[in-house]
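In the numbering used here, the protein residues as written are 1 to 146.
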Ligand SMILES: C[S@@+](CC[C@H](N)C(=O)[O-])C[C@H]1O[C@@H](n2cnc3c(N)ncnc32)[C@H](O)[C@@H]1O
């Protein structure tokens with residue numbers, strides 16, 4: 001069973017492999033944005049991708065979710081936790097403070113406005129299984145195929 005916390009930072013969800021965009025030795029996998037590849041990971045080998053607070057950092061959603069789809073097994077799933085539309089502005093302000101002033105990481109991109117990532121996933125053929133809101137977050141579960 002291969003579960004990947006995509007955009008994990010250094011503190012992955014227990015039971016999940018780490019994967020992030022920095023070539024750091026502590027990571028299990030690196031996502032190379034330019035190549036749009038997860039280095040060292042086989043296509044159609046992943047049971048679940050888990051993305052918490054990461055989607056608003058992905059510039060080209062269509063490109064990234066297409067890549068995720070390629071690495072998922074046919075019965076694989078994707079869990080997304082991200083900021084609800086109603087709270088998006090507050091999140092942008094926090095990202096500006098954090099990534100530009102507190103811990104400056106200018107390579108980290110973040111969207112300045114809410115994007116309908118569910119539509120991108122649906123257009124790519126993902127099927128939404130569950131959706132709920134918890135505080136300011138939207139939690140959704142997607143399957144590659146039914
Ligand atoms: C707000 S942190 C969330 C970290 C962790 N998922 C959590 O919930 O604690 C955003 C993470 O996304 C990563 N990230 C930024 N841009 C990314 C991208 N295009 N693809 C994948 N991960 C990205 C960052 O390096 C960072 O670790």
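Don't be surprised by glycine CBs; every beta carbon is placed ideally from N, CA and C.
Bear in mind that the values here come from a model prediction, so they are computed numbers and not experimental data.
Looking at the DSSP output, residue 115 bridges to nothing.
Residue burial annotation: residue 107 is exposed, with fewer than 16 other C-beta atoms found within 10 angstroms of its C-beta. When rounded, the separation of the alpha-carbon atoms in residue 93 and residue 80 is 21 angstroms. Here the alpha carbons of residue 16 and residue 1 stand approximately 10 angstroms from one another.
7 angstroms or more divides the Cβ of residue 127 from the Cβ of residue 61. Proximity of the beta carbon of residue 60 to ligand 1 is not indicated: no heavy atom of the ligand is located closer than 6 angstroms. The criterion of a C-beta distance shorter than 7 angstroms is not satisfied by residue 36 and residue 69.
The alpha-carbon separation between residue 55 and residue 82 amounts to approximately 7 angstroms. Rounded to the nearest angstrom, the Cβ distance from residue 102 to residue 76 is 35 angstroms, too far for a contact under 8 angstroms. If you look at residue 70, you'll find it in the alpha helix (DSSP H) that goes 61-71. At least 7 angstroms separates the beta-carbon of residue 50 from that of residue 123.
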